[in-house]
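Only one structure is covered here, and it is reproduced in the block below.
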Amino acid sequence: MTGKKNRLLQLPQGTESLYLEEAYRHQQAVARLHNLFTSWGYLPVETPLFDFFDIYQDMISGREKDIYRLIDREGDLLMLRSDITLFLAKQIGLLSGSTDLPLRVYYSGAILRHQNQEDISKNEFFQTGVELIGKEGKYADMEVLTLLIATFKALDLSPRIHLGSRDILAKLFADFSGEEFSHVISLSGNRNFGELEHFINGRISADKKSFILDLISFIGTATDFENLLKKSAYKPDMQEQEAINHLLSLWAMLTELNLENHFRIDMSETGSQHYYTGIVFQGYLEGVDSAVVSGGRYDTLLKEFGFDSPSIGFSILLRKVEKLMSSDFSIPDHTALEQQDFTSAYREADKLRQQGRIVLL
Amino acid sequence: MTPLTLALPKGRLFEEVKKQFSLKGMGFSFDNRKLVAHDASGLLKIFLVKNSDLPTYVNHGIAGLGICGSDVLYETGYKFFKLHTFDFGSTSMCIAGKKGQTLEKRGRKLTIATKFTRFTRDYYHSKGIPVEIVKLNGSVELAPVLGLTRYIVDLVETGNTLKANNLEIYEKLKDIKVHLIVNPSYYKLHYQAVNNFVARITE
């Protein structure tokens, strides 16, 4: 009996329930974002709740333990949806042969990730985001960055976006093997410059090494970034310069739109997923203990599902930001009617509802 | 200006940190039984927490910064940026047991009592040695004396406690250093103020 009672009070780790006020705020946020995405010409997609584990195995290395797996009646190993973008990539691979590009899609849904019983901080239960598929270059990068700002504006929030470039790092480490580059990415993302220096020591010239260390530890505006480039004894080669110019030209456009205050160039922002290829970014909000949005360009991910097409997108862990949303998202006041007989109460309520009021019968 | 939030551990590191900060013009003291204090320069809001809870406060962003040994950091498994390694508080993680005996490694499972279960398991598994672990929360030296386990893995500073209990170090497993850690998200939002603070304590 005690066992059953305990289970009534608990939920298994990795999922949650929402009631009343909190559920209302959540739905308001989702509705506002869907309206916004629709007004930018994005169409909704729904992904499966579970899929075959083996297709994704290589893409989730290191995170297997967070994923719920089960065995179906045929004996195949399945995984529950822990990241919508991953399931979406496969669906788009199947879909996009028969549709015109570019394709603009958005999604919202619950995700299931195991989390430590004692760690309540994560709130990784609900993901919403967009993908722009089949378009490359500055124009597409800017579309997604500006939509990201519009997304937070719709929630009345002002995030700080740290913008990095996987492309610049890939060009600087062109001589490194895939595995070595992954290690560089991981050390840079953790801002572990001591070990990074140790790892690349002797592999590249002293000038280039100190340039790389300055670059990866850098956070700031484009002006500071250009100063760093000017001061450096190392002069980037043509390919490296091209990747740097791409990032700087995005900044120039953001400045023209007066949006640059939301951004910092941060080369330690390397993207947690191995599939990123171009710009990568994460967004932070005061009062939230980890990044609330992450995204970037991934031009080769879809190839793994049989369809090669450049893509860029972002994904928000919406439950992390809901506590910061204003009272505009809360349940509005309602009117209770005083009429005694139902018929006249019904008529009065109907009239008031047409004026936009919330009426209890 | 909003002060930076910093968690400090009770125990062996506290007095040392206090002395160092005082030298840099950031002296502080905790009123009787209070666990929150401000430093003299108004730069810091300081929380005094139990050593092993410190990473939890920083992970949840309650304190943006923390000062913590790599032994405790390893056990929690959270992700932080390490901003600085201090030159005080260094110690070593060691395996020890009764004096006169030795470490029996050949194919045998090692039975070890320790506070540092994650480190101990990972360390011996990476060497291909199976281990059986008994988790203790303190006075680990008692385990071999009373016959709970043959070995212990623990921090050794002076070795005096071992000696007093007729135990000795068989092997040093790892150097343990004291780090200034920061919640990654906190760093991204406050990197300028945090960098200034780091410059001040390292100057």
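Protein sequence lines, in the order shown, are assigned to chains A and B.
Take the first sequence: its letter number 42 is residue 42 in the working numbering, and every next letter is one higher.
Take the second sequence: its letter number 173 is residue 1173 in the working numbering, and every next letter is one higher.
In this text, a Cβ means the ideal position worked out from N, Cα and C, and glycines have one as well.
Query raised in the report: Which first and last residues belong to the beta strand (DSSP E) in which F263 of chain A is found?
Result: F263 to D266
Requested in this report: Would you tell me roughly how many angstroms separate the C-alpha atoms of T221 of chain A and I161 of chain A, rounded to the nearest one?
Outcome: 12 angstroms
**Report entry** Exposure label - E131 of chain A; buried when at least 16 CB within 10 Å
**Finding:** buried
Query raised in the report: Per the contact definition of three or more C-beta pairs closer than 8 angstroms, is the region 84-95 of chain A in contact with the region 307-316 of chain A?
Result: yes
Report task. Specify the secondary structure class of S182 of chain A as computed by DSSP and reduced to three states. Result -> helix
**Report entry** Per-residue burial, L1162 of chain B [other beta carbons within 10 Å of its own, 16 or more giving buried]
**Finding:** buried
**Report entry** Limits of the alpha helix (DSSP H) - the one that S1070 of chain B falls within
**Finding:** S1070 to T1076
**Report entry** Completely contained alpha helix (DSSP H) runs for the region 50-125 of chain A, where each covers 4 or more residues
**Finding:** Taking only runs of at least 4 residues, the alpha helix (DSSP H) segments lying wholly in the region 50-125 of chain A are 53-56 and 84-95.
Query raised in the report: If you pair each beta-carbon of the region 1172-1187 of chain B with each one of the region 1071-1090 of chain B, do three or more pairs fall below 8 angstroms?
Result: With a cut-off of 8 angstroms on Cβ pairs, the region 1172-1187 of chain B is in contact with the region 1071-1090 of chain B, counting three or more such pairs.
Query raised in the report: Where in the region 309-352 of chain A do unbroken runs of the beta strand (DSSP E), each at least 3 residues long, occur, reported from the N-terminal end onward?
Result: 311-317
Report task. Would you please verify whether the beta carbon of N190 of chain A is less than 8 angstroms from any beta carbon of chain B? Result -> So yes, N190 of chain A belongs to the interface.
Query - For H34 of chain A and F281 of chain A, the rounded distance between their alpha carbons - result: If you draw a straight line from the Cα of F281 of chain A to the Cα of H34 of chain A, it is about 22 angstroms long.
Query raised in the report: Listed in chain order, which residues of the region 160-171 of chain A have Cβ atoms closer than 8 angstroms to some Cβ of chain B?
Result: Listed by position along the chain: R160 and H162.
Query raised in the report: Among B:L1008, B:G1064, B:E1168 and B:H1038, which has the Cα closest to the Cα of N1051 of chain B?
Result: Distances from the alpha-carbon of N1051 of chain B to those of B:L1008, B:G1064, B:E1168 and B:H1038 put B:L1008 closest.
Query raised in the report: Three-state secondary structure (DSSP) at S188 of chain A?
Result: Note: S188 of chain A maps to helix in three-state DSSP.
Query raised in the report: So with Cβ pairs under 8 angstroms, would you call N1165 of chain B a contact of chain D?
Result: Within the model displayed, chain D is absent; protein chains A and B are what it includes.
Requested in this report: Would you give the residue range spanned by the alpha helix (DSSP H) that T1114 of chain B belongs to?
Outcome: Careful: T1114 of chain B lies outside any alpha helix (DSSP H), inside the beta strand (DSSP E) at L1110 to T1114.
Query raised in the report: Alpha carbon to alpha carbon, what distance is there between T1149 of chain B and L1043 of chain B?
Result: 48 angstroms
Query - Counted within 10 angstroms of its Cβ, other Cβ atoms place T1056 of chain B as buried (16 or more) or exposed - result: buried
Query raised in the report: In three-state terms, what does DSSP make of S1092 of chain B?
Result: strand
Query raised in the report: Nearest chain A C-beta to K1010 of chain B closer than 8 angstroms, yes or no?
Result: no
Requested in this report: With distances taken Cα to Cα, identify the nearest neighbour of L78 of chain A among A:D289, A:P48, A:L88 and A:L94.
Outcome: A:P48
Query raised in the report: Assuming L157 of chain A and V321 of chain A make a contact with CB atoms under 8 angstroms, what is their CB distance in whole Å?
Result: 6 angstroms
Query raised in the report: Grouping DSSP H, G and I as helix and E and B as strand, with all else coil, what is H375 of chain A?
Result: Examination of residue 375 of chain A is not possible in this model, given that chain A is present from 1 through 361 alone.
Query raised in the report: Helix, strand or coil: which one does DSSP assign to G194 of chain A?
Result: helix
**Report entry** C-beta atoms of I1133 of chain B and E1141 of chain B nearer than 8 angstroms
**Finding:** Remark: C-beta atoms of I1133 of chain B and E1141 of chain B do not approach each other more closely than 8 angstroms.
Query raised in the report: Going by beta carbon distance, what residues of the same chain come within less than 6 angstroms of E1015 of chain B, once the five residues before and after it are set aside?
Result: Excluding five sequence positions before and after E1015 of chain B, none of the CB atoms of its chain fall closer than 6 angstroms to its own CB.
Query raised in the report: Would a C-beta distance cut-off of 8 angstroms place Y107 of chain A and P44 of chain A closer than the cut-off?
Result: yes
Report task. Would you kindly work out how many angstroms separate the C-alpha atoms of T223 of chain A and A1037 of chain B, rounded to a whole number? Result -> 38 angstroms
Query raised in the report: For S1126 of chain B, which residues in chain A fall below 8 angstroms Cβ to Cβ?
Result: Within chain A, no residue comes near S1126 of chain B; the closest Cβ sits about 17 angstroms away, beyond 8 angstroms.
**Report entry** Buried/exposed call for N1166 of chain B, threshold 16 Cβ in 10 Å
**Finding:** exposed
Report task. May I ask you to report which of helix, strand or coil DSSP gives K1024 of chain B? Result -> Correct three-state label for K1024 of chain B: coil.
**Report entry** the region 1102-1115 of chain B / the region 1194-1202 of chain B touching (three or more Cβ pairs under 8 angstroms)
**Finding:** No: the two stretches stay apart, fewer than three of their Cβ pairs being nearer than 8 angstroms.
Report task. With 7 angstroms as the C-beta to C-beta threshold (strictly closer), list the residues of the region 1107-1118 of chain B near chain A in chain order. Result -> none
Requested in this report: State the DSSP-derived secondary structure class of F305 of chain A, mapped to helix, strand or coil.
Outcome: F305 of chain A falls in the helix class under three-state DSSP.
Query - Rounded straight-line distance, which links the Cα of G356 of chain A to that of A336 of chain A - result: Distance between the alpha carbons of A336 of chain A and G356 of chain A is about 14 angstroms.
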